[in-house]
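Residue numbers (UniProt numbering), protein chains in the order written: chain A, 1 to 401; chain B, 1 to 326.
Glycine is no exception: its CB is placed at the ideal position from the N, C-alpha and C atoms.
See structure below.
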């Protein structure tokens with residue numbers, strides 16, 4: 001219902017501004033560029049294509065005089081392949097908007113190409129906060145999450161809950177370092193204390209010695225500043241050591257629901273994490289996620305899928321309002337119109353390209369509390385949009401005056 | 001590589017007479033014509049990517065085809081040069097040709113260091129030693145402050161060639177890359193057919209005999225290794241300018257594996273084989289990108305078919321059928 005209301009609202013807006021209806025149908029081509037074969041295929045992959053298709057259908061593009069074609073490709077998490085596809089899409093295939101782009105290096109590379117060619121990229125899967133910071137671009141919109149929000153979200157929320165002393169297990173590469181730095185700063189700022197930290201080689205297999213160190217540090221929370229396979233292995237081994245049963249809290253800084261699905265609740269129970277979206281939050285998310293799962297072999301959407309849906313929807317609205325697909329006009333509309341969709345609620349696209357919305361602190365349920373597959377999270381607290389994202393003046397983005 | 005070398009490596013072409021020389025001239029002219037036509041047939045950036053990988057495979061083939069040394073660490077030179085080139089162009093503000101030159105020299109130097117230690121061993125030990133060094137380079141690229149960790153060096157400017165000719169146009173850049181490729185390729189051809197190349201062949205066929213004839217075998221091998229590393233660096237540096245980025249993909253061990261695959265599919269020890277192999281592998285990755293995980297499956301199937309059905313590679317088989325050297 002909310003959706004139709006917005007659509008009506010924007011249509012009226014478009015009518016009032018007098019731009020839209022006189023013109024020929026607008027032909028749009030959207031490219032979903034993500035990992036379709038590697039480690040991020042589950043959390044982005046084909047699901048993101050489905051999400052984009054659903055956005056086009058829910059928006060009713062056909063009835064509004066728009067023809068929208070969606071293409072997709074596998075960048076194999078390699079920035080050079082990603083940039084090659086992006087160039088080719090824009091130069092020879094006439095793609096107007098590139099979506100998703102997981103893996104920070106690929107996202108940065110594509111953002112650079114898109115800026116050079118003056119098209120638009122809306123990132124959902126890529127995480128680096130540099131996209132809206134030192135490497136920001138007038139052609140980039142960053143949805144769903146970023147490393148700053150994750151590094152801050154979980155620590156701040158947990159310290160507020162009284163979990164004050166922290167120990168970090170950090171992947172020894174730039175991503176891990178950045179995450180730990182942001183998270184430590186957040187812990188200290190919220191009045192917590194850092195008991196210690198240990199770096200593990202990337203990628204790692206055996207985390208027992210780090211976990212034992214973390215256990216004996218006596219810290220209330222063990223923060224995992226790693227991702228993907230490293231994070232999964234750490235959580236598995238932590239459950240074998242009985243760390244959460246021993247009273248310590250395990251907090252993953254970058255965890256997606258597909259990873260919890262892979263871990264199973266037995267191993268993952270009690271894990272604290274921050275995410276932008278969970279399918280079972282309200283009627284809007286449930287309704288959408290059910291439709292999504294029907295088309296995605298029964299698998300529930302990740303926050304990345306939700307982000308692709310929401311960003312596509314916002315883009316289509318902006319095109320409609322602008323009455324053209326011309327980049328400057330559409331970007332201006334996207335930044336001046338508040339975002340509103342059933343999945344992320346209300347928010348805005350800031351001048352630096354960051355889309356803001358509430359974030360949530362979740363706790364993974366114990367097997368006994370779960371009603372079945374994908375019933376994994378219980379919501380602990382809401383991180384309001386105002387606190388969830390890096391303040392505009394701290395990103396070092398040149399677009400912020 | 002002991003035993004009968006023709007089993008492991010197909011007959012390496014050597015220009016013996018004027019007839020051979022003439023058919024090579026024709027083939028080179030044909031290649032040059034193809035290079036000129038290519039950007040009008042396919043997307044220029046894709047064409048440049050093929051050329052960069054083709055040059056990389058040519059460099060790799062120079063080493064294995066002429067010394068029988070299977071390096072499993074060539075990504076170190078390819079990616080190392082990409083990083084140096086990207087850094088030189090972006091941070092030091094060098095023009096692209098100087099940046100690529102810096103990258104090439106850096107990887108030749110790296111080749112000298114790694115080569116000096118690894119050519120003391122042969123066969124699987126040599127492969128493992130080079131792999132170990134390449135992993136060190138990978139680790140360095142992951143950790144060193146100037147490489148940008150897993151984000152790599154992004155937004156490398158293409159700049160102006162010799163400070164005057166803007167390379168931001170894809171077609172202009174393509175022809176620069178084509179010239180670099182052709183120069184590197186002809187250099188390899190020249191090396192293969194020089195007195196040095198003949199000595200290398202003698203060493204590969206029978207090392208003790210070459211030693212007994214008074215050749216300093218290790219010096220020859222080292223020089224070949226450095227040449228191969230330098231040309232791989234030339235390819236990597238060019239790629240960094242084309243894609244405007246240097247990333248961990250370029251130094252990862254998968255890249256070392258990919259170049260072996262390209263060379264084997266095209267035809268190890270043939271002159272044109274690596275080019276064909278690179279063209280096939282890069283095309284697969286590019287045109288099957290929308291098929292997702294099928295890319296790796298198809299690559300694997302092709303590799304298996306190649307190894308089982310025509311071990312001397314595509315060009316090798318054609319050369320045998322036509323009874324000419326290619």
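- Within 9 Å of the CB of residue 63 of chain B, no CB atom of chain A is found; the nearest one sits about 24 Å away.
- In the three-state scheme derived from DSSP, where H, G and I count as helix and E and B as strand, residue 57 of chain A is classed as helix.
- Inter-segment contact for the region 284-296 of chain A and the region 333-350 of chain A is present: three or more beta-carbon pairs are separated by less than 8 Å.
- Between residue 204 of chain B and residue 68 of chain B a beta carbon distance of about 5 Å is seen, short of the 8 Å cut, so the two are scored as contacting.
- Ranking A:98, A:123 and A:80 by CA distance to the CA of residue 109 of chain A puts A:80 first.
- DSSP, read as helix, strand or coil, puts residue 118 of chain B in helix.
- Annotation for residue 167 of chain A: 195, 196, 214, 217, 219 and 222 place their beta carbon closer than 6 Å to its own, counting only its chain and skipping 5 residues before and after.
- Assigned with DSSP and collapsed to three states, residue 29 of chain A falls in strand.
- For a Cβ distance threshold of 7 Å, residue set 79, 80 and 105 of chain A lies close to residue 247 of chain B, ordered along the chain.
- Taking each of A:255, A:95, A:124 and A:209 in turn and checking the Cα distance to residue 237 of chain A, the smallest one comes out for A:209.
- Take residue 302 of chain A, set aside five residues on each side of it, and the residues of its chain with a beta-carbon closer than 6 Å to its own are 43, 256, 257 and 258, in chain order.
- Distances from the alpha-carbon of residue 60 of chain A to those of A:383, A:313 and A:373 put A:313 closest.
- Assignment of residue 377 of chain A by DSSP, reduced to helix, strand and coil, places it in the strand class.
- Counting every other CB atom within 10 Å of its CB across the protein chains shown gives residue 292 of chain A a total of 16 or more, marking it as buried.
- Rounded to whole angstroms, the gap between the alpha carbons of residue 230 of chain B and residue 105 of chain B is 7 Å.
- With a minimum length of 3 residues, the unbroken runs of beta strand (DSSP E) contained wholly in the region 208-239 of chain A fall at 221-225.
- Within a 10 Å sphere around the beta-carbon of residue 155 of chain A sit 16 or more other beta-carbons, which makes this residue buried.
- Looking only at A:185, A:94 and A:359, the smallest Cα-Cα distance to residue 389 of chain A is reached by A:359.
- In the three-state DSSP reduction, residue 173 of chain A falls in the coil class, being neither helix nor strand.
- Contact between residue 212 of chain B and residue 130 of chain B fails: their C-beta atoms lie close to 28 Å from each other, not under 8 Å.
- Bounds of the beta strand (DSSP E) holding residue 68 of chain A are 66-74.
- Scanning its chain for C-beta atoms nearer than 8 Å, with the 5 sequence neighbours on each side dropped, one finds around residue 171 of chain B the residues 39 and 44, in chain order.
- Residue-level contact check: residue 142 of chain B touches chain A, since one or more beta carbons of chain A fall below 8 Å from its beta carbon.
- Residue 169 of chain B does not reach chain A, its nearest Cβ partner there being about 11 Å away, counting only Cβ pairs nearer than 7 Å.
- If you ignore the 5 residues before and after residue 222 of chain B, its C-beta comes within less than 7 Å of the C-beta of 115, 116 and 119, all in its own chain and listed in chain order.
- Judged by DSSP secondary structure, residue 197 of chain A falls within the beta strand (DSSP E) whose first and last residues are 193-200.
- In the DSSP assignment, residue 318 of chain B falls outside any beta strand (DSSP E) and within the unbroken alpha helix (DSSP H) covering 313-322.
- The CB of residue 128 of chain A comes closer than 7 Å to the CB of 151 in chain B, given here in chain order.
- By the Cβ criterion, the region 169-186 of chain A is in contact with the region 138-155 of chain B, since at least three pairs of Cβ atoms, one from each stretch, lie closer than 8 Å.
- Within the region 253-287 of chain A, not one residue has a Cβ closer than 9 Å to any Cβ of chain B.
- Here the alpha carbons of residue 158 of chain B and residue 161 of chain A stand approximately 51 Å from one another.
- In the DSSP assignment, no residue is bridged to residue 147 of chain B.
- Excluding the 5 residues flanking it on each side, residue 306 of chain A has same chain C-beta neighbours closer than 6 Å at 277 and 343, in chain order.
- By the neighbour-count criterion, in which 16 or more other beta carbons inside 10 Å mark a residue as buried, residue 188 of chain B falls on the buried side.
- Interface residue (Cβ-Cβ distance to chain B less than 8 Å): residue 91 of chain A is classified as such.
- A direct Cα-to-Cα measurement between residue 239 of chain B and residue 57 of chain A gives close to 40 Å.
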